[in-house]
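Colleague: In my numbering, the protein residues as written are 22 to 725.
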């Protein structure tokens, strides 16, 4: 077995955008693993690292040389390669010559296509160092960067100018060139606090210690922990608490190499504007952390993260951040005071100046559709909230025409709620304005109020149907209008409010009715089919994380209209699937469904005529299916799919007896049609819960 050594690759650049660093580091790690695997080189754990000025990958115990191997090379067919006396023909000789061997070593090997000429070749393994020198430039060149640049006379386009390359296999340096830089052992420390440092070997601990000595924490997890701990300590030092923000923390982690949290402050007069505005200003513009006092109120203090130890530099950073924050907050206060001079309803008609979609009118037109949709939804699910729903729907987009949201688009809904409360709107209406944007993604909070849930459903289904009506469907990874997120939002709201029994078909029908006012030429039936198919795909993705995919497919194929019914059916089917008798039961139901699906009733009306029964098994199945059908419908009406499935289990021996004693596809057309009609009625019973033909039945290693 070959020996092994650690491998270290470190690429040093000018400062790389924070969001690019972790993606590029992970990509380099993945591509390096793939290259090692393809070369047949075993290796240990792979770790990826990144700072603003470097991307690095460390691999434990890489095999230092490929194993020697013997490959079998197949050539022309035996009847072409050998003559009647078994001697190599010119074709065989050419094949052997191309492989650099004597034709005498050729032999015959059996293949799926018949006998072929073949030979064995001894392949001498290459040194890993030599392979890496060839592979690494291409791996570095192929990293996924959003934009590339050129500098000086260098022809290589890259995310930023490259300044150094460390490439070590064990104690040995790998020698190659990339972007005009020769690889070796020399790394660079912190831009202001450090110095060049020579890396002696690919030992991970020694490398990290060497960089730490020149003020570089190369491990992003170490930097992240240091930032969070330091920020918490600063907040606690003034008797307050840090407002923890993972998104900002993740970004700041990749903006510094040697983090040093520090306190700053702004004029407390700015605390009169909404907390959300202050939080957004500090976070989005300066990547700062806010602080709350012991009573949970926002303070005028913040935490900045410096990339230096020098006291004068830290003070300059604190003062500079305070100056920028104060200027931004002054703007925000001006916008706030100007906006709140008028009630929120006064901004609604200004939406007529904003185009929603070409072909769907303005945002003001869209508001009218949302109002109409919300009214229909409220009438079904919470008629007692109709007045609040109507008012919230009218005001839900009003803040889009305010100065504040124009400057801070991410505050839409949040500012609407604040302005509604300041303007004296009902608290339920104000809350619903903010909540109608929820959920913003998987795992986000859902609308807590009925009014918020109704307006959220109306907003999301209008967007989906309007875009589909214009042909703006999501394709592949493209989803310009976030329709997948909107669909999942509807799914999450519908699942969370089981008592409402949200119907996708009803939602789509309502949306089609209001969208038709703008696009009367739409084919409502075709469009409804497209939208419902889109929802089915979202439901499949949503439930596939918790259930077997074939069970999800089976349940959705039966019906997915009432969102609240899907999970109980999945739970019941999964519970039954864990029973030892599930596989034969599913196989029996699957047999019924498959036969009904493939057969045609030759003009028969589909009604079962008991007078045409010829075999007792037909009468038994008819009687049992009729009896069980009553039970199943009762259980389903009571919202008990588990009870319905338990009732259906009783049919299994009766179905088996039917297939044992009855020839379904007999010559008598009338009898055959009657038997098929009976099976169709039977299939319809369990088809209310799931399409059993989609369930994979595994038995004795075979899958059907």
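By construction, the Cβ of each residue, glycine as well, lies at the ideal position given by its N, Cα and C atoms.
Kindly list the residues whose CB is nearer than 6 Å to the CB of residue 642, restricted to its own chain and excluding five residues on each side of it in sequence; keep chain order.
Modeller: Counting only Cβ-Cβ distances below 6 Å, and skipping sequence neighbours, we find 675 and 679.
Colleague: Look at the alpha carbon of residue 211 and the alpha carbon of residue 367, and state the distance between them as a whole number of angstroms.
Modeller: Taking the straight line joining both Cα atoms gives about 54 Å.
Colleague: For residue 568, does the three-state DSSP call read helix, strand or coil?
Modeller: Three-state DSSP puts residue 568 in coil, outside helix and strand.
Colleague: Should residue 653 and residue 583 be called a contact, given that it needs their Cβ atoms to be closer than 9 Å?
Modeller: Not in contact: residue 653 and residue 583 (Cβ atoms no closer than 9 Å).
Colleague: According to DSSP, what are the bridge partners of residue 248?
Modeller: According to DSSP, which records beta bridges pairwise, residue 248 is partnered with nothing at all.
Colleague: Check residue 403 in the structure and name its three-state DSSP category.
Modeller: Looking at residue 403 - three-state DSSP - the assignment turns out to be coil, as it is neither helix nor strand.
Colleague: Name the two residues that bound the continuous alpha helix (DSSP H) containing residue 643.
Modeller: Its alpha helix (DSSP H) spans residues 637-658.
Colleague: So, are the CB atoms of residue 90 and residue 36 less than 9 Å apart?
Modeller: Not closer than 9 Å, so no.
Colleague: So, does the stretch 386-402 touch the stretch 543-560, judging by three or more C-beta pairs under 8 Å?
Modeller: Too few Cβ pairs lie closer than 8 Å, so no.
Colleague: Let me know if residue 554 comes out buried or exposed under the rule of 16 or more other beta-carbons within 10 Å of its beta-carbon.
Modeller: Counting Cβ neighbours within 10 Å, residue 554 comes out exposed, since fewer than 16 surround it.
Colleague: Within its chain, find whatever has a CB closer than 6 Å to the CB of residue 673; leave out the 5 residues flanking it on each side and keep chain order.
Modeller: Result list for residue 673: 606 and 609, in chain order.
Colleague: If residue 260 and residue 178 are in contact, beta carbons under 8 Å, what's the gap, nearest whole angstrom?
Modeller: Going by Cβ atoms, the distance from residue 260 to residue 178 rounds to 52 Å, so no, they are not a contact pair.
Colleague: Is it right to say residue 723 is buried, meaning 16 or more other beta carbons lie within 10 angstroms of its own, or is it exposed?
Modeller: Low per-residue confidence applies at residue 723: pLDDT is 39, beneath 50, and the placement is therefore not dependable, though the value from the model is reported in the following sentence. Exposed, since its Cβ has fewer than 16 Cβ neighbours within 10 Å.
Colleague: Tell me the start and end of each unbroken alpha helix (DSSP H) in the stretch 218-271 that is at least 4 residues and wholly inside, in chain order.
Modeller: Listed in chain order, they are 225-233 and 241-258.
Colleague: Out of 353, 383, 677 and 119, point me to the one whose CA is closest to residue 94's CA.
Modeller: Taking only the C-alpha atoms, the option nearest residue 94 is 119.
Colleague: Write down the C-beta distance between residue 29 and residue 223 rounded to the nearest angstrom, noting that I regard them as a contact closer than 8 Å.
Modeller: Yes, they are in contact, since the Cβ atoms of residue 29 and residue 223 sit about 4 Å apart, within 8 Å.
Colleague: Return the bridge partner residues of residue 494 from the DSSP annotation.
Modeller: DSSP lists no partner for residue 494.
Colleague: Report yes if the C-beta distance between residue 437 and residue 477 is below 9 Å; otherwise report no.
Modeller: Taking 9 Å as the Cβ cut-off, residue 437 and residue 477 do not qualify as a contacting pair.
Colleague: Do you know how far the Cα of residue 151 is from the Cα of residue 278?
Modeller: Using only the alpha carbons, I get a separation of about 33 Å.
Colleague: Using a Cβ-Cβ cutoff of less than 7 Å, which residues in the same chain neighbour residue 56 once the five nearest sequence positions on both sides are dropped?
Modeller: Counting only Cβ-Cβ distances below 7 Å, and skipping sequence neighbours, we find 156 and 160.
Colleague: So, is residue 388 buried or exposed, given that buried needs 16 or more other C-beta atoms within 10 angstroms?
Modeller: With 16 or more other Cβ atoms within 10 Å, it is buried.
Colleague: Just grab the DSSP bridge partners of residue 148 for me.
Modeller: In DSSP, residue 148 forms a bridge with 86.
Colleague: Per DSSP, what kind of secondary structure is residue 34 in: helix, strand or coil?
Modeller: Strand at residue 34.
Colleague: Under 9 Å between the Cβ atoms of residue 287 and residue 321?
Modeller: In this structure, residue 321 lies closer than 9 Å to residue 287 by Cβ.
Colleague: Give me the residue from 52, 489, 570 and 92 with the minimum Cα distance to residue 78.
Modeller: Looking at the Cα atoms, 52 is the closest of the given residues.
Colleague: Would you report the Cα separation of residue 575 and residue 600, rounded to the nearest angstrom?
Modeller: Looking at the two C-alpha atoms, the distance is approximately 18 Å.
Colleague: What I want to know is whether the C-beta of residue 529 ends up closer than 8 Å to one or more non-hydrogen atoms of the ligand FAD.
Modeller: The ligand FAD is absent from the structure shown, which contains no ligand whatsoever.
Colleague: Can at least three beta-carbon pairs, one atom from the stretch 471-490 and one from the stretch 500-516, be found at a separation below 8 Å?
Modeller: In short, these stretches touch, since the Cβ pair count reaches three.
Colleague: What residues in its chain sit with their C-beta under 6 Å from that of residue 451, if we drop five residues either side in the sequence?
Modeller: 438, 441 and 442, listed in sequence order.
Colleague: I need the straight-line Cα distance from residue 22 to residue 88, nearest angstrom please.
Modeller: For residue 22, the pLDDT reaches just 45, beneath the cut-off of 50, and the residue's location in the model is therefore unreliable, leaving the point undetermined.
Colleague: DSSP three-state label for residue 195, please.
Modeller: It is coil, neither helix nor strand.
Colleague: By the three-class DSSP mapping on this structure, what secondary structure does residue 58 have?
Modeller: Residue 58 falls in the helix class under three-state DSSP.
Colleague: Is the beta carbon of residue 350 sitting closer than 9 Å to the one on residue 310?
Modeller: It is not a contact, given that the beta carbons lie outside the stated cut-off.
Colleague: May I have the straight-line CA-CA distance separating residue 394 from residue 381, to the nearest angstrom?
Modeller: Those two C-alpha atoms are separated by around 15 Å.
Colleague: May I ask you to report which of helix, strand or coil DSSP gives residue 279?
Modeller: Residue 279: coil per DSSP, three-state reduction.
Colleague: Quick one: residues in its chain with C-beta nearer than 6 Å to the C-beta of residue 153, no 5 flanking neighbours on either side, listed in chain order?
Modeller: Result list for residue 153: 195, in chain order.
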